[in-house]
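Quick note on numbering: this note's numbering labels position 40 of the sequence shown as 47, and the sequence is numbered without any gaps. C-beta atoms are modelled at their ideal positions from N, C-alpha and C, and glycine is treated no differently. Report on the structure given below.
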Amino acid sequence: MVTRLTLAIIITSTVYSLLVMGSFQVMSFNDTSNIDFYSRLLINILNTGILIAPWVLIYYF
């Protein structure tokens, strides 16, 4: 059970981060030209995962 929950959080965080990064790039809000794509993706995934995990745990339990 916990592994499916962890996998769901990781997938949701990744998809949401890609959507946010794509929309920022389309709207030209990117001012992080010194940071490469994978670093920004990892930062966004961690940030979103920290936000999503408590709500998923509250809903799950």
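Range covered by the alpha helix (DSSP H) that runs through residue i
{"i": "Asn41", "result": "Careful: Asn41 lies outside any alpha helix (DSSP H) and carries neither H nor E."}
Own chain residues within Cβ distance below 7 Å of residue i, not counting five before or after
{"i": "Ile59", "result": "Ile16, Thr19, Ser20"}
{"i": "Asn73", "result": "Any answer about residue 73 is impossible in this case: the structure gives the chain only from 8 up to 68."}
{"i": "Tyr67", "result": "Leu12"}
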